[in-house]
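Residue numbers (this note's numbering): 2 to 223.
Every residue, glycine too, gets a C-beta built ideally from N, C-alpha and C.
Owing to the predicted nature of the structure, the values given are computational and were not obtained by experimental measurement.
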Ligand code: B16
Ligand code: MG
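Below, the structure written as structure tokens:
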């Protein structure tokens with residue numbers, strides 16, 4: 002029988018609310034580019050890599066063709082600088098509700114923990130939150146070939162743990178992330194509203210509702 006051996010977490014929007022900082026940084030950049038940008042559009046960028054996010058914004062403003070590749074890299078770097086300023090002051094207080102208890106609970110049950118974030122700033126955030134010790138493996142987005150919704154980063158995490166993907170739970174707040182988990186053949190847990198998380202095997206409205214026993218029960222029912 003299949004058994005849950007690992008939980009693989011997304012970072013932004015699951016462990017901490019850096020999703021908000023990404024939003025603020027893209028908003029500032031979009032204002033500069035004179036591209037209309039709101040929270041609804043921002044949902045399309047969650048879990049999406051930096052360069053892919055920029056492309057979506059430029060396409061929205063019909064200005065993608067205006068910039069050469071080198072210029073796009075500079076613009077994306079500008080967003081990253083704004084973002085890096087915002088994450089400078091992250092502390093353990095910025096952990097989303099229930100997350101530290103969940104990590105402790107998993108440790109207590111001897112279930113492995115990994116991180117599968119698309120962010121190249123993940124280590125800065127993890128260190129600021131002081132949760133590095135909980136993780137058995139952190140997948141490196143910088144060497145990941147295909148971005149979410151491709152399954153690569155989740156598969157990289159499972160491989161790093163030495164665990165079969167089918168015995169892993171993936172936790173995500175983004176549609177692209179749920180797609181990545183499903184393509185990796187893992188059990189997907191979505192955090193957020195039912196409409197956006199519709200493709201997840203299981204949905205929780207907020208991180209404080211995440212519960213290991215409920216997830217195990219549902220996993221065993223499938
Ligand atoms: P960076 P996740 C993702 O992190 C964010 O959701 C997404 O908004 C961001 O563009 C992406 O990381 C890249 O981040 O610019 O810091 O490399 O949700 O996969 O933890
Ligand atoms: Mg996320």
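Collapsed DSSP secondary structure at residue 46 in the structure displayed: helix
Check whether the region 143-158 and the region 175-184 are in contact - that is, three or more C-beta pairs closer than 8 Å. Yes: the two stretches touch, three or more of their Cβ pairs being nearer than 8 Å.
How would you label residue 75, buried or exposed, when you count the other beta carbons within 10 angstroms and need 16 or more for buried? exposed
Can you name the start and end residues of the beta strand (DSSP E) that residue 58 belongs to? It is not in any beta strand (DSSP E) - residue 58 instead sits in the alpha helix (DSSP H) that spans 51-61.
Contact shell at 5 Å, judged by CB to any heavy atom of the ligand MG, ordered along the chain: 11, 13, 14, 48, 174, 175
Of the choices 141, 26, 215, 223, whose alpha-carbon is the least far from that of residue 106? 215
Less than 8 Å between the CB atoms is what I'm expecting for residue 118 and residue 12, so what's the real figure, rounded? 4 Å
Between the Cα of residue 171 and the Cα atoms of 190, 21, 130, 217, which residue gives the shortest distance? Of 190, 21, 130, 217, the smallest CA-CA separation from residue 171 is found for 190.
Let me check you understand the geometry: is the CB of residue 31 closer than 6 Å to at least one non-hydrogen atom of the ligand B16? no
Please name the residue in 42, 15, 8, 221 whose C-alpha comes closest to that of residue 99. The option with the nearest alpha carbon to residue 99 is 15.
Do residue 9 and residue 115 have their C-beta atoms within less than 7 Å of each other? yes
DSSP state of residue 65 mapped onto helix, strand, coil: In this structure, residue 65 counts as helix in the three-state DSSP scheme.
Output the boundary residues of the beta strand (DSSP E) element that contains residue 205. 203-205
Between residue 168 and residue 3, is the Cβ-Cβ spacing less than 7 Å? Taking C-beta atoms as the reference points, residue 168 and residue 3 count as a pair closer than 7 Å.
Short check: CB of residue 154 to CB of residue 143, under 7 Å? no
Can you tell me which of 210, 188, 211 puts its alpha carbon nearest to the alpha carbon of residue 201? 188
Which runs of the beta strand (DSSP E) spanning at least 3 residues fall entirely within the region 128-182, listed in chain order? 169-173
Okay, do the region 58-67 and the region 25-39 touch, 3+ Cβ pairs below 8 Å being the bar? yes
Taking residue 162 as the reference, which of 136, 78, 184 has the closest Cα? With distances taken between CA atoms, residue 162 lies nearest to 136 out of 136, 78, 184.
If you run the structure through DSSP and keep just helix, strand and coil, what is residue 7? strand
Residue from 121, 204, 109, 70 with nearest C-alpha to residue 173: Selection 121, 204, 109, 70 evaluated against residue 173 yields 204 as nearest (Cα-Cα).
Give the secondary structure of residue 223 by DSSP, where H, G and I count as helix, E and B as strand, and everything else as coil. coil
Considering only residues of the same chain and omitting the five flanking positions on each side of residue 196, which have a CB-CB separation below 7 Å? none
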